[in-house]
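Chains as they are written, first to last, in my numbering: chain A, 1 to 305; chain B, 1 to 305. To start, the structure itself, in structure tokens.
Number of protein chains: 2
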Amino acid sequence: MTTAAYAAVDWGTSSFRLWIIGENGAILAERRSGEGMTTAATAGFSAILESHLRAVSAAPHLPVVICGMAGARQGWVEAGYLDTPAPLAAIVGAAVTVADDNRDIRILPGLAQRDEAAADVMRGEETQLLGALSSLEGGSHLVCMPGTHSKWVRVTGGVVEGFSTFMTGELFEVISRHSILSHTLANGGAFDGSDPAFASAVAAAVRNPALATNLLFSIRAGQLLHGLAATQAKARLSGILIGLEIGGAHGLAKAGSNICLVASGPLAALYQSALSAAELPSVTIDADDAVRLGLAAAARALWPA
Amino acid sequence: MTTAAYAAVDWGTSSFRLWIIGENGAILAERRSGEGMTTAATAGFSAILESHLRAVSAAPHLPVVICGMAGARQGWVEAGYLDTPAPLAAIVGAAVTVADDNRDIRILPGLAQRDEAAADVMRGEETQLLGALSSLEGGSHLVCMPGTHSKWVRVTGGVVEGFSTFMTGELFEVISRHSILSHTLANGGAFDGSDPAFASAVAAAVRNPALATNLLFSIRAGQLLHGLAATQAKARLSGILIGLEIGGAHGLAKAGSNICLVASGPLAALYQSALSAAELPSVTIDADDAVRLGLAAAARALWPA
Chain A
1 MTTAAYAAVD WGTSSFRLWI IGENGAILAE RRSGEGMTTA ATAGFSAILE
51 SHLRAVSAAP HLPVVICGMA GARQGWVEAG YLDTPAPLAA IVGAAVTVAD
101 DNRDIRILPG LAQRDEAAAD VMRGEETQLL GALSSLEGGS HLVCMPGTHS
151 KWVRVTGGVV EGFSTFMTGE LFEVISRHSI LSHTLANGGA FDGSDPAFAS
201 AVAAAVRNPA LATNLLFSIR AGQLLHGLAA TQAKARLSGI LIGLEIGGAH
251 GLAKAGSNIC LVASGPLAAL YQSALSAAEL PSVTIDADDA VRLGLAAAAR
301 ALWPA
Chain B
1 MTTAAYAAVD WGTSSFRLWI IGENGAILAE RRSGEGMTTA ATAGFSAILE
51 SHLRAVSAAP HLPVVICGMA GARQGWVEAG YLDTPAPLAA IVGAAVTVAD
101 DNRDIRILPG LAQRDEAAAD VMRGEETQLL GALSSLEGGS HLVCMPGTHS
151 KWVRVTGGVV EGFSTFMTGE LFEVISRHSI LSHTLANGGA FDGSDPAFAS
201 AVAAAVRNPA LATNLLFSIR AGQLLHGLAA TQAKARLSGI LIGLEIGGAH
251 GLAKAGSNIC LVASGPLAAL YQSALSAAEL PSVTIDADDA VRLGLAAAAR
301 ALWPA
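Put into structure tokens, the structure is as follows:
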């Protein structure tokens, strides 16, 4: 039987994931919970981590490598930022150590782009990226990591040259809940990327991004004048925001960059459809695999066998 | 002393304005309140109108011309829409009459653009536009009426050829209050169009509209990395949204159109600054004057002396 080598933790704002990794690299145990930074700031980071480690009977001295919001200023121990351009492998050297009597606990830093005209930050995605890069060829890549705050990263030869965050997921939530469109979207069902209303909205936003907030209002007018259904209205809202993001991010990339989508489940399917609607070919890497592989790469560098 | 000829009412979603106009066209009395459609839907349109008419001792048979949300489906009496392209003067012929024992009460219709790819509606702005046009030269005009839902109207020779609504004001409110930027903007003071943070944000959004939601996130990152102050953050949020609107609306206009801004007070000053930052010359017409002049033009056609 394989012995546990380390624990890998992806600690987000609202989620906690832990894997126990064996000496042969196998996943020996896995834990998921909603105890993200927001919960941990009150309940205590150490208490939450130890309770999950106890639940999988981890040895008291098993080392732990962590990425994500645990390293934010309002997190456990601030892990700062590495400035772009940054070779991704350098995040390991900039890890901070958490003072602990038993374990060796390291938190990986985020990345910062300090250029005032394009100030940007990420925390957690740099580790996902480190994992994703292991399965990509050389050359220039444009890596899309969709979510509440979607990140698009320009990488060449393992170096992050720059990146851009788009508030897509958050705007979808805020507009759905708090704007006049909340009436139009009320009781809308689930939609997916195969909905023509989604694909045409993506294409419209890519074609004329300056009309984005007009396209948003046209959802309301479409309901008033043409009885646009709530589910189609949701699909259009999503398509407009994702199309705006894709057009903007693609415009910043080096010509000939390969687009790589790092995502899982329904979000991966939605962005695959959006990239197709924008006529941009892409490959997909599973986001869960990517963050685990990134933490594994960091662990190998921190604690060589 | 001049005798009252009619009452003119601009009945918005959240505001009510009434003028008593004399036979010589002079303003004999004026009333303003927050009893818009939202309040009137409960309190009663007739009750609110009559209370304001009593307050200025209007004669029981004084006729009333109304524009705005009183004519919406959820308003007093539905006044429908005139379809674009529409000669503005035709709104008078499409006015509906409210059943009333004493007075002749007419509600003017809105405008609808039924093209599915650019579905749009306005209600109230068509009357403002009718008033604004009386002070414009011939030729093609691009008329900007900023607000919660900014309208940009393409007019040639008194005919509305098309128009586009941008959700600018509402997005500013919703993002300020409900997104992650609420923390960054908290306790920000007043800003105006002379703030360089506003002008540079307008220019950035006009230059690269596809980056709009990335520019929004850069406000948050600017606070984290460069200590961007809350007031500057508010100015940037406003500039990004207004710049996006201006770029989009201008892109739809006929080459050589004259830009006319119909606005009052601080909003007029803000849009004047934004149009300057976008290097687009414009003339300004006061919005309050415009709606009153539009209602007056309708009254003259409805009740010729």
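Backbone N, C-alpha and C fix where the C-beta goes; we use that ideal spot for every residue, glycine too. Because the structure is a prediction, the values reported are computed rather than measured.
query, result
"Close beta carbons around residue 223 (chain B), own chain, < 6 Å, minus the five adjacent residues each side", "184"
"Cβ of residue 46 (chain A) within 8 Å of any chain D Cβ", "Of the protein chains in the structure, A and B, none is chain D."
"Neighbour list for residue 270 (chain A) in chain B, Cβ cutoff strictly below 8 Å", "Within chain B, no residue comes near residue 270 (chain A); the closest Cβ sits about 16 Å away, beyond 8 Å."
"C-alpha gap between residue 348 (chain A) and residue 291 (chain B), whole angstroms", "This structure cannot settle anything about residue 348 (chain A), because the visible part of chain A is limited to 1 through 305."
"Stretch-stretch touch, CB-based, cutoff 8 Å, three pairs: the region 16-27 of chain B with the region 119-126 of chain A", "no"
"Under 7 Å by beta carbon: chain A residues contacting residue 62 (chain B)", "Neighbours of residue 62 (chain B) on chain A: none; closest Cβ ~33 Å, over 7 Å."
"Length-filtered (3 minimum) beta strand (DSSP E) runs lying within the region 73-97 of chain A", "81-83"
"Exposure of residue 76 (chain B), with buried meaning 16 or more beta-carbon neighbours within 10 Å", "buried"
"Inter-residue spacing [alpha-carbon to alpha-carbon] between residue 274 (chain A) and residue 199 (chain A)", "6 Å"
"Length at least 4, wholly inside the region 226-266 of chain A: the alpha helix (DSSP H) runs in chain order", "230-252"
"C-beta atoms of residue 168 (chain A) and residue 168 (chain B) nearer than 8 Å", "no"
"Top-ranked residue by Cα proximity to residue 157 (chain A), from A:139, A:26, A:71, A:146", "A:139"
"Buried/exposed call for residue 60 (chain A), threshold 16 Cβ in 10 Å", "exposed"
"Cβ pair count under 8 Å reaching 3, the region 226-245 of chain A against the region 190-208 of chain A", "yes"
"Inter-stretch contact at 8 Å, needing at least 3 Cβ pairs: the region 252-259 of chain A / the region 134-150 of chain A", "yes"
"Test: residue 244 (chain B) CB closer than 8 Å to a CB of chain A", "yes"
"N- and C-terminal bounds of the beta strand (DSSP E) containing residue 349 (chain B)", "No statement about residue 349 (chain B) is possible, as the shown extent of chain B runs from 1 to 305 and does not include it."
"Contact the region 21-35 of chain B vs the region 77-87 of chain B: 3+ CB pairs below 8 Å", "no"
"Test: residue 116 (chain A) CB closer than 8 Å to a CB of chain B", "yes"
"Interface flag, residue 258 (chain B) vs chain A, CB-CB below 8 Å", "no"
"Contact check, residue 298 (chain A) vs residue 108 (chain A), beta carbons under 8 Å", "yes"
"N-terminal and C-terminal residue of the beta strand (DSSP E) that residue 153 (chain B) is part of", "150-156"
"Three-pair Cβ contact test at 8 Å for the region 31-43 of chain A versus the region 96-103 of chain A", "no"
"Assumed close pair residue 12 (chain B), residue 69 (chain B) - CB separation to whole angstroms, cut-off 8 Å", "6 Å"
"Per-residue burial, residue 117 (chain B) [other beta carbons within 10 Å of its own, 16 or more giving buried]", "exposed"
"Close-in-space but distant-in-sequence residues of the same chain around residue 244 (chain B) (CB under 6 Å, 5 per side omitted)", "205, 209, 212"
"Close beta carbons around residue 3 (chain A), own chain, < 6 Å, minus the five adjacent residues each side", "23"
"Residue 183 (chain A) at chain B interface by Cβ criterion, 8 Å", "no"
"Pair within 8 Å by beta-carbon distance, residue 134 (chain B) and residue 293 (chain B)", "yes"
"Three-way DSSP call (helix, strand, coil) for residue 18 (chain A) in this model", "strand"
"Contact under 8 Å by Cβ, residue 113 (chain A) with residue 163 (chain A)", "yes"
"Exposed unless 16 or more other CB atoms sit within 10 angstroms - verdict on residue 150 (chain B)", "buried"
"Pair within 8 Å by beta-carbon distance, residue 36 (chain A) and residue 51 (chain A)", "no"
"Within chain A, the residues that residue 167 (chain B) reaches when beta carbons sit closer than 9 Å", "175, 179, 180, 181, 213, 214, 216, 217, 220"
"Burial state of residue 321 (chain B) (16 or more Cβ within 10 Å)", "A question about residue 321 (chain B) goes unanswered here, because the residues of chain B that appear run from 1 up to 305."
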